[in-house]
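Comments concern the structure below.
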Amino acid sequence: MFDRVRARLARLGDAQTSAEPTVGLFVDGPNVFRDEFDVDLDELRDAARELGRVGVIRLYLDEHATPGLIQAAEARGFEVIVTSGDVDVKLAVDATALASDGTIDRLAIASRDTDFKPVLEYAGTVGIETIAIAPGSHGRSDALRNAADEAVTLEP
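In numbering that gives the first Met the number 0, the protein residues as written are 0 to 155.
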């Protein structure tokens, strides 16, 4: 495992061969798209683009999601994952798998839920840079912010 981390860090640190980092953005829909936060899909997509080349951009929703939100997300390039189970579990498993397979250089999780702290910590141990995106200053999780390499707060 440490050989993989060293190789990834060496590749990222080599200025001559380094390209724009590949970003994976995972959005916890039920925790981000709440009336009190007023977050929009374009804002999330733009935040991911500022971090590098977007390789994966997923919005996780539960079975109560409106068809309008699903259509709007797909129209903006999001892969929408609707689950009848726990959104947090599906997102955490998918993000951990992607972090471990070498597909991305940066993992960004948009949520206010501290359940994702172990995902950010794991990603860091395998050499993935981590970003916690909060849906607003009063929706920010200190645990996520402290576990991540970088923290971004979306403001209305």
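Yeah, the Cβ is synthetic: ideal placement off N, Cα and C, and Gly gets one too. Only a predicted model underlies this, so the values are computations on that prediction, with no experimental measurement involved.
Alpha-carbon spacing of residue i relative to residue j, whole angstroms
i: Ile127; j: Thr21; result: 10 Å
i: Pro117; j: Leu90; result: 12 Å
i: Glu19; j: Ala46; result: 15 Å
i: Gly101; j: Asp87; result: 22 Å
Residue i and residue j closer than 8 Å at C-beta
i: Thr113; j: Ser140; result: yes
i: Ala74; j: Leu58; result: no
i: Phe77; j: Ile103; result: no
i: Glu42; j: Leu143; result: no
i: Pro134; j: Val53; result: no
Top-ranked residue by Cα proximity to residue i, from the options
i: Leu40; options: Glu49, Gly51, Gly28 and Leu50; result: Gly28
i: Phe25; options: Ala131, Gln70 and Arg52; result: Ala131
i: Asp61; options: Ser99, Val31, Asp100 and Asp37; result: Val31
i: Glu49; options: Asp34, Gly23 and Glu120; result: Gly23
Residues that residue i bridges to, as DSSP identifies them
i: Arg52; result: Thr21
i: Leu60; result: Val81
i: Val151; result: Ile132
i: Val86; result: Partner(s): none; Val86 has no beta bridge.
i: Val26; result: Leu58 and Ala109
Taking one C-beta from the segment 107-123 and one from the segment 64-84 each time, how about it: are there three or more such pairs within less than 8 Å? no
Three Cβ pairs or more, each shorter than 8 Å: is that satisfied between the segment 143-153 and the segment 63-74? no
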